[in-house]
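Residue numbers for the sequence shown follow the numbering used here, beginning at 904 and rising by one. Remarks on the structure that follows.
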Amino acid sequence: MAKTKDIFFTGMRILLNIVEKNYQGTIMEFSEGESIMVRLSNPDMTLVHIMPDTECKVKFIDDNGIAYNISTVLLKRKIPNIIIKYPDKLDGVSIRKYQRISTSYWAAILNEVNENGVVSLKTSGDGTIVDMSLGGCKLMTVLQCKIGSQIWLSFNYGDGDNQLTFKGIVRNMKHAPYDTMYYGIEFDSPARDFIKIIEEILKKPTA
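The following block contains the structure:
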């Protein structure tokens, strides 16, 4: 079981099932061992009539790729916020296909720009690729990104003369140190040649 401090975080998205209805929520704050406050994005009037101690099933995937399906109870409700009891048991199952390897690559963040019908990539910011796998990478940056948006990254690897530029999709986000954010990036339709380069990078990563 993962340490609880590594599981929950403010802004984390979870799925809840209360009285056979599904709700999407975002963790606003939590007190380990006591309670978790969740803001629901799709509340309805059914919740107004639900009594405390009603069973609440919670599903989520943590930052380490562990999937949880747990049961707890509703403590309080002030729609759209609800407070649930901190789960007594936190056992999950890994769903990650690829092992993550720690890295430390400075990366330029690029945007597609269309000028007179000519599409090019221009730098909009930078960040650090802090881990990588055959499926994607984690980026730490001050730049604001939206989940589901496309992102281009470019970085040098090996002896520093080799440059790799690729497109990804932002799949998740989490607060990072020094007012930055972590973004989980999935490679967007990677070609076999691209994957071969990632395989070589992961054998001797900069970390």
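All C-beta atoms, glycine included, are put in the ideal place defined by N, C-alpha and C.
The residue among Val951, Pro990, Thr1083 and Ile982 with its C-alpha nearest the C-alpha of Ser934 is Pro990.
Within the same chain, and ignoring the five residues on either side of Leu1105 in sequence, the residues whose Cβ sits closer than 6 Å to its Cβ are Ile1004.
One alpha carbon belongs to Pro1080, the other to Phe911, and they sit about 16 Å apart.
DSSP places Phe963 outside any alpha helix (DSSP H); the residue lies instead in the beta strand (DSSP E), whose first and last residues are Glu958 to Ile964. Judged by pairs of C-beta atoms under 8 Å, the region 981 to 1001 touches the region 924 to 942, as three or more such pairs exist. In this structure, Gly1061 is the residue among Gly1061, Val976, Ile921 and Ala1010 with its C-alpha nearest to the C-alpha of Glu1103. Rounded to whole angstroms, Gln927 and Lys1070 show a C-alpha spacing of 29 Å. In chain order, Gln1066 place their CB closer than 6 Å to the CB of Asn1059, counting only its own chain and leaving out the 5 sequence neighbours on each side. Leu977 sits close to Asp956, with the two beta carbons spaced by under 8 Å.
With a beta-carbon spacing of about 15 Å, Val1073 and Ser1092 fall beyond the 8 Å limit used to define contacts. Met915 has no beta-bridge partner at all, per DSSP. The C-alpha of Ile973 is placed about 15 Å away from the C-alpha of Glu923. Exclusion of the five residues before and after Thr1031 leaves Ser1007, Tyr1008, Trp1009, Ala1010, Leu1042, Met1043 and Thr1044 as the residues of its chain whose Cβ lies within less than 8 Å of its Cβ.
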